[in-house]
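Asks: One structure coming up, written as structure tokens, with questions to follow.
Here it is, written out as structure tokens:
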């Protein structure tokens, strides 16, 4: 396994172990209850209540993976999830990757906007997403002492629109890697996500590399029919969005990851 992925997988395992310790047995015979994040920190520092392993009721570990379009977020998320699920025997951790792409506003919604032409042309900009829906998903994945079933939308590239409830996250899932451009941005509603997750990863990429990748994606998906048009869309939309992501995410990450060609992860 590449050193970047090994580093990230180990971080998730550490967060998973911490999550198990954030559940303490109730003294009245009731169900185990999770500590608050501050309680968990105090426990690790020896100042809080005694924590015991109680994985059955442990909250899910949530990781926010953000970065500009074309930085390789999806590749990173799927590699980390595959590594966690592939750990041998009882060490295996049930993990899933969830993409914020499922929260693209449908084309019909964009077409009904007063600035419909701009909305369709700028699809992928932060204001063309259901940001509040992303926040609600994170809250649902985080909520409660146990782990409930949560349904998340997915993006169907064949129809170029989201499919509600296309991904089911069952109670057996212990780790969720959430990936999306804007997950660590400070502007509302995105700004509330960073405080709700256990680890925050930001991917950086050279704009020229991102431009090439995104243009190729536009051609492959049939969004544009020529290389010239695909590059123009990348310049006028994706790279603009990418600069906003970098600006908005500064100081809001735990790990800075160089895109896959550079193969390095640095702790903030």
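In full-length UniProt numbering, the protein residues as written are 1 to 268.
Built from N, CA and C at the ideal position, the CB exists for glycine as well.
Note that the structure is predicted; figures quoted are calculated from it, not measured.
1. Helix, strand or coil for residue 159? Go by DSSP, reduced to three states.
2. Can you tell me whether residue 128 is buried or exposed? The criterion is at least 16 other CB atoms within 10 Å of its CB, across all chains shown.
3. With 16 as the cutoff for other CB atoms within 10 Å, does residue 130 come out buried or exposed?
4. Which residues in the same chain have their Cβ closer than 6 angstroms to the Cβ of residue 46, if we skip the five residues on either side of it in sequence?
5. Is it right to say residue 100 is buried, meaning 16 or more other beta carbons lie within 10 angstroms of its own, or is it exposed?
6. What is the residue span of the alpha helix (DSSP H) that residue 193 lies within?
7. With a 10 Å radius around its C-beta and 16 neighbouring C-beta atoms as the bar for buried, classify residue 105 as buried or exposed.
8. Report the partner residues of residue 96 according to the DSSP bridge assignment.
9. Tell me whether the segment 223-230 and the segment 242-257 touch, counting them as touching only if at least three CB pairs, one residue from each stretch, are closer than 8 angstroms.
10. State the DSSP-derived secondary structure class of residue 258, mapped to helix, strand or coil.
11. Counting C-beta neighbours from all protein chains within 10 Å, is the total for residue 200 16 or more, i.e. buried, or is it exposed?
12. Considering only the beta carbon of each residue, do residue 149 and residue 170 sit closer than 8 angstroms?
13. Assign residue 90 to one of three DSSP states: helix, strand, or coil.
14. So which of 217, 239, 194 and 235 has the shortest CA-CA distance to residue 66?
15. Tell me the rounded alpha-carbon separation between residue 239 and residue 139.
16. Considering only the beta carbon of each residue, do residue 69 and residue 124 sit closer than 8 angstroms?
17. With which residues is residue 201 paired in a DSSP beta bridge?
18. According to the neighbour-count rule (16 or more other Cβ atoms, all chains shown, within 10 Å of its Cβ), is residue 85 buried or exposed?
Replies: Result, derived from the coordinates:
1. Coil, per DSSP.
2. Residue 128 is buried by the Cβ-count criterion.
3. Buried, by the Cβ-count rule.
4. Reliability of the predicted coordinates at residue 46 is poor, the pLDDT of 32 falling under 50, and no value is obtained from them.
5. With 16 or more other CB atoms across the displayed protein chains lying within 10 angstroms of its CB, residue 100 is buried.
6. For residue 193, there is no enclosing alpha helix (DSSP H), since its DSSP letter is neither H nor E.
7. With 16 or more other Cβ atoms from the protein chains shown falling within 10 Å of its own Cβ, residue 105 counts as buried.
8. DSSP output for residue 96 lists 176 as bridge partner(s).
9. With contact defined as three or more Cβ pairs closer than 8 angstroms, the segment 223-230 and the segment 242-257 are not in contact.
10. Judged by DSSP in its simplified three-state form, residue 258 adopts strand.
11. Residue 200 is buried by the Cβ-count criterion.
12. Contact annotation: residue 149 and residue 170 have beta-carbon atoms nearer than 8 angstroms.
13. Of the three classes helix, strand and coil, the one that applies to residue 90 here is helix, per DSSP.
14. That would be 194, whose Cα lies nearest to the Cα of residue 66.
15. One C-alpha to the other measures close to 30 angstroms.
16. The answer is yes: Cβ separation under 8 angstroms.
17. Answer is 65 and 255.
18. So residue 85 counts as exposed.
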